[in-house]
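Quick notes on the structure that follows.
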Amino acid sequence: MIAAAPGPMQRRYEKMQLILYQRDDCHLCDLALLELARAAAPDFESVFIDDDADLEQRYGVRVPVLLDVDTMRELAWPFDADMLRLWLVAGG
Numbered sequence: 090m091i092a093a094a095p096g097p098m099q100r101r102y103e104k105m106q107l108i109l110y111q112r113d114d115c116h117l118c119d120l121a122l123l124e125l126a127r128a129a130a131p132d133f134e135s136v137f138i139d140d141d142a143d144l145e146q147r148y149g150v151r152v153p154v155l156l157d158v159d160t161m162r163e164l165a166w167p168f169d170a171d172m173l174r175l176w177l178v179a180g181g
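Following my numbering, the residues of the sequence shown are numbered contiguously, the last one being 181.
Here it is in C-alpha cells:
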C-alpha cells in the first residue's frame, strides 16, 4: 500500500512549534496527550511546570495548556481532537 502524500494542512502542522505545559501525575495532562494523538498533532515539546516558579505563576492549575510558539496562541484544557484540529488550522 502506498501512503498518500501529506496535504497542505499537514505540511503547515509539521512546521508549527508547539509546547505542551503539564505537571507530573496529572490525569488531565494524560487525557490531553491522548487527544493530541487522536488529532495526529505535530511533534511538540513537553514542559513540566512543577519546578519552575515563573511557569507555576503563569499556568498554575490551568494545565494542560498547548502553546503555539510562533503566534503565542494557547489552547487550554479541556479540548478534544476536533477542537485541537480546528485550533491547528486557525494557526496555519
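Note that the Cβ used here is the ideal one computed from N, Cα and C, for glycine as well.
It should be emphasised that the depicted structure is a prediction, and the values quoted were computed from it without experimental measurement.
Do you know offhand how far residue i's Cα is from residue j's?
| i | j | result |
| --- | --- | --- |
| LEU144 | ASP171 | 27 Å |
| GLY182 | ARG127 | The displayed coordinates of the chain run from 90 to 181. Any statement about residue 182 would go beyond what the structure contains. |
| PHE133 | GLN146 | 22 Å |
| ALA142 | LEU173 | 28 Å |
| PHE137 | PRO153 | 10 Å |
| GLU124 | LEU117 | 11 Å |
To the nearest whole angstrom, what separates the beta carbons of residue i and residue j, a pair I think is in contact under 8 Å?
| i | j | result |
| --- | --- | --- |
| LEU109 | ALA121 | 7 Å |
Could you spell out where the alpha helix (DSSP H) holding residue i opens and where it closes?
| i | result |
| --- | --- |
| ASP143 | 142-148 |
| ALA179 | 170-180 |
Which stretch, first to last residue, makes up the beta strand (DSSP E) that contains residue i?
| i | result |
| --- | --- |
| ASP157 | 154-157 |
| ALA126 | Not the beta strand (DSSP E): ALA126 falls in the alpha helix (DSSP H), residues 116-127. |
| GLN75 | Residue coverage of the chain in this structure runs from 90 to 181, which leaves residue 75 outside it and unanswerable. |
Given that a residue counts as buried once 16 or more other Cβ atoms are within 10 Å of its Cβ, and exposed if not, what is residue i?
| i | result |
| --- | --- |
| ALA179 | exposed |
| LEU155 | buried |
Shortest alpha-carbon distance to residue i belongs to which of the options?
| i | options | result |
| --- | --- | --- |
| ASP169 | ASP159, SER135, ALA129 | ALA129 |
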